[in-house]
Amino acid sequence: MGVTFEFVYILVLLAISTGLSVILFFLGYFLMFKVAYEDKLMGYECGFDPFGNARGEFDIRFYLVAILFLIFDLEITFLFPFSVSIMSMTLLSYSLMLIFLIILTIGFIYEIKKGALDWS
Numbered sequence: 002m003g004v005t006f007e008f009v010y011i012l013v014l015l016a017i018s019t020g021l022s023v024i025l026f027f028l029g030y031f032l033m034f035k036v037a038y039e040d041k042l043m044g045y046e047c048g049f050d051p052f053g054n055a056r057g058e059f060d061i062r063f064y065l066v067a068i069l070f071l072i073f074d075l076e077i078t079f080l081f082p083f084s085v086s087i088m089s090m091t092l093l094s095y096s097l098m099l100i101f102l103i104i105l106t107i108g109f110i111y112e113i114k115k116g117a118l119d120w121s
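The sequence shown runs 2 to 121 under this note's numbering.
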């Protein structure tokens, strides 16, 4: 039994799951109720009638906070392997981790100095 025979099981499973997904999609599409009235087409806003456009503008500070969150969330993702393998790290690993943290700290201090996090 070669390696190609083992992939047959994966291909069969992929074909069955794709076929089942397509069948269920079209079954739901053809069996759904197609009555469209005004209340059904309105957006749901906590049980109240909508009192504004849902496509309002956001302040740029929200985007800056979101970008900072993503950056520091990725920092935690990159630092996790270091914390798991701290007992077997070499001097090069420690120095790379330190350089990474210094660059992120300098960037964070720069953001604070530029006032990106000031909401006043």
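In this text, a Cβ means the ideal position worked out from N, Cα and C, and glycines have one as well. Note that this is a predicted model, so its numbers are computed, not measured.
Whether residue i touches residue j by CB criterion (8 Å)
{"i": "M90", "j": "F101", "result": "no"}
{"i": "A16", "j": "L65", "result": "no"}
{"i": "L105", "j": "E58", "result": "no"}
Same chain, Cβ closer than 7 Å to residue i, neighbours up to 5 away in sequence not counted
{"i": "I61", "result": "none"}
{"i": "L92", "result": "none"}
Same chain only: Cβ atoms within 6 Å of residue i, ignoring 5 sequence neighbours per side
{"i": "A67", "result": "none"}
{"i": "T5", "result": "none"}
Closer than 8 Å to chain C by CB, residue i
{"i": "F63", "result": "As a matter of chain content, chain C is missing from the structure shown, which is built from one protein chain."}
Beta-carbon proximity list for residue i, same chain, < 8 Å, skipping 5 on both sides
{"i": "F79", "result": "F101"}
{"i": "F26", "result": "none"}
With three or more C-beta pairs closer than 8 Å as the rule, is the segment 98 to 118 touching the segment 62 to 73? Yes: at least three Cβ pairs fall under 8 Å.
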